[in-house]
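Colleague:
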Amino acid sequence: KIARMPYSLSKGPDARSLALSATPSNLVVLTATIDDTDNGGQDIAAAQCCIAVPFWQTGCVAFAMSPADGSFNSRVELVRAFIPEAMLTNGAPLVFVRGRDALANWGPVSAVLADEIPEPRLLLALMAMAMGMRMAGMRRTGKA
């Protein structure tokens, strides 16, 4: 991960636990953990994602990611971004993520493949089925 810039990227936070999940509103939620515990112990200051093109190549359009708790103020931050589903439908692109610490050190880049995101309609159908089964069970037993 750090072969391009081993002496600078090793100082920045790691991007871990990347995940994509569908929503019913045609948005995909990207989540990641940005962690500077092993790389200097600084608070996290920023996180970015880039779709299909890595940060070091021409054509990357970086999007800011938001801290899940509302502010960047600790060494480990859960971050997220909402990505329009249409941006991920062209041949299952990679989504790249990186974090920056309070000393302005960018960390190594991690990536997640966007080809295994469940269809929102499928999620809604599964949720409806689960609710229907629960309701049927309540009618049989009379318990909630």
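Under our numbering, the first residue of the sequence shown carries the number 1, and numbering increases by one thereafter.
Note that beta-carbon positions come from the ideal geometry of N, C-alpha and C, so glycine has one too.
As the structure is a computational prediction, the values presented were derived from the model and not from experiment.
Thinking C-beta only, is Val109 closer than 8 Å to Pro54?
Modeller: In contact: Pro54 and Val109 (Cβ atoms closer than 8 Å).
Colleague: Which whole-angstrom value describes the C-beta separation of Phe63 and Ala81, a residue pair presumed to lie in contact below a C-beta threshold of 8 Å?
Modeller: Contact holds; Cβ gap of about 6 Å.
Colleague: Give the C-beta separation of Asp36 and Arg98 to the nearest angstrom, bearing in mind that I take them to be a contact with Cβ-Cβ under 8 Å.
Modeller: With 8 Å as the limit, Asp36 and Arg98 do not qualify as a contact, their Cβ atoms being about 12 Å apart.
Colleague: Locate the beta strand (DSSP E) running through Pro84, then write down its first and last residues.
Modeller: Val76 to Pro84 is the span of the beta strand (DSSP E), which, as asked, contains Pro84.
Colleague: Please classify Leu103: does DSSP put it in a helix, a strand, or coil?
Modeller: Three-state DSSP puts Leu103 in coil, outside helix and strand.
Colleague: From Asp115, Ala47 and Ser17, pick the residue whose C-alpha is nearest to that of Ser71; which is it?
Modeller: It is Ala47.
Colleague: In this structure, what does DSSP give as the bridge partners for Thr37?
Modeller: For Thr37, which the question treats as bridged, DSSP gives no partner whatsoever.
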